[in-house]
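Working notes, beginning with the structure itself.
In the numbering used here, the protein residues as written are 342 to 626.
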């Protein structure tokens, strides 16, 4: 497995330098490994692709929305190739995952799991209502992800979201300059930025999104909102399946900068991808 030992060491060193010891260790303990996806260079292992031609099993109809509108092919992930990388979700060991999405306002989606050994064939889009996007091969690396300011998991570790704000993001690291840990974190993130934040697993983009996929999925499931025990319990059941970010996401939806697919842990374990929660958003800052 690639990157088993060192994926969080750099962030841990940064946190210990900027935060009180106990606070730093709490935050480090919350880190989750994600598989960061980026454009594959020559010689790199290809773990999937964005766009291109969909390869569907024989007899599987082209995915469509409830109104019959054909969906557009977004991405393919090679599950066996992804097993080389540490991640916080339990993906299938083999087979492929295909992601389809409507560009209509409803953003209906389908995720199809194709078991290993299944005969597949390239399928032309059924008509011009389904868009075809330029193909981009993807390489991978394990990287740390941390919760955003309002992530439900903070309540489990810090007691409440407000207490987490005070202890972590609003903690002043430079009294003279008035700089908070949040400001330092933005600089840390920017220094290591290397292209769009496409990823599998981990926390969805913690700096760009107002609410996590776990939070919006729990709310959509009818579990209430922050402060409700049922909300936190439901949010714990959800994980990030795929995030597509930046220009690729904007091209695929016409305006949004982030495409997010979340899935319940029990559905993922059962290889049931029929109940994913999808969310499309732009940047909030």
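Backbone N, C-alpha and C define an ideal beta-carbon position, used for all residues, glycine too.
In this text the structure is predicted, and so the values were computed from the model without any measurement.
Residue of the options minimising C-alpha distance to residue i
i: residue 502; options: 556, 587, 485 and 450; result: 556
i: residue 373; options: 461, 353, 362 and 382; result: 353
i: residue 493; options: 575, 431 and 422; result: 575
i: residue 612; options: 419, 433, 510 and 377; result: 433
i: residue 463; options: 608, 452, 398 and 472; result: 398
i: residue 620; options: 423, 419, 517 and 603; result: 603
i: residue 423; options: 554, 520 and 376; result: 376
i: residue 526; options: 538, 510, 515 and 439; result: 510
i: residue 351; options: 598, 532, 606 and 567; result: 532
i: residue 388; options: 425, 357 and 394; result: 425
i: residue 394; options: 366, 472, 598 and 485; result: 472
i: residue 409; options: 450, 428 and 607; result: 450
i: residue 403; options: 440, 384 and 581; result: 440
i: residue 347; options: 427, 459 and 539; result: 427
i: residue 598; options: 587, 358 and 561; result: 587
i: residue 543; options: 448, 528, 579 and 452; result: 579
Secondary structure of residue i, DSSP reduced to three states
i: residue 444; result: coil
i: residue 432; result: coil
i: residue 484; result: strand
i: residue 467; result: coil
i: residue 523; result: helix
i: residue 362; result: helix
i: residue 426; result: strand
i: residue 614; result: coil
i: residue 453; result: strand
i: residue 532; result: helix
i: residue 570; result: helix
i: residue 513; result: strand
i: residue 557; result: helix
i: residue 498; result: helix
i: residue 347; result: coil
i: residue 474; result: coil
i: residue 598; result: coil
i: residue 490; result: coil
i: residue 372; result: coil
i: residue 575; result: helix
i: residue 609; result: helix
Alpha-carbon to alpha-carbon, residue j and residue i
i: residue 615; j: residue 407; result: 14 Å
i: residue 530; j: residue 416; result: 26 Å
i: residue 412; j: residue 465; result: 12 Å
i: residue 522; j: residue 444; result: 38 Å
i: residue 468; j: residue 474; result: 14 Å
i: residue 601; j: residue 571; result: 23 Å
i: residue 564; j: residue 517; result: 43 Å
i: residue 349; j: residue 583; result: 20 Å
i: residue 605; j: residue 476; result: 29 Å
i: residue 505; j: residue 512; result: 10 Å
i: residue 519; j: residue 545; result: 28 Å
i: residue 514; j: residue 370; result: 20 Å
i: residue 355; j: residue 405; result: 46 Å
i: residue 484; j: residue 380; result: 16 Å
i: residue 366; j: residue 507; result: 16 Å
i: residue 581; j: residue 541; result: 7 Å
i: residue 461; j: residue 396; result: 6 Å
i: residue 457; j: residue 435; result: 6 Å
i: residue 566; j: residue 384; result: 46 Å
i: residue 455; j: residue 401; result: 10 Å
i: residue 358; j: residue 498; result: 20 Å
i: residue 364; j: residue 429; result: 22 Å
CB contact below 8 Å: residue i versus chain C
i: residue 479; result: Checking the listed chains, one finds no chain C in this structure; it contains a single protein chain.
8 Å contact criterion, which residue i and residue j should meet: CB distance rounded
i: residue 500; j: residue 553; result: Between residue 553 and residue 500 the Cβ distance is about 18 Å, and since that is not below 8 Å, they are no contact.
i: residue 438; j: residue 420; result: 6 Å
i: residue 480; j: residue 382; result: 7 Å
i: residue 487; j: residue 360; result: In fact, because the Cβ distance is near 12 Å, the residues do not count as touching under 8 Å.
i: residue 610; j: residue 431; result: 6 Å
i: residue 585; j: residue 539; result: 5 Å
Near the ligand ZN: residue i beta-carbon under 7 Å from a heavy atom
i: residue 364; result: The ligand ZN is not among the ligands present in this structure, which contains no ligands whatsoever.
Validate contact between the segment 568-586 and the segment 484-500 using beta carbons, cut 8 Å, 3 pairs: As far as the Cβ criterion goes, the segment 568-586 touches the segment 484-500, which means the pair count is three or higher.
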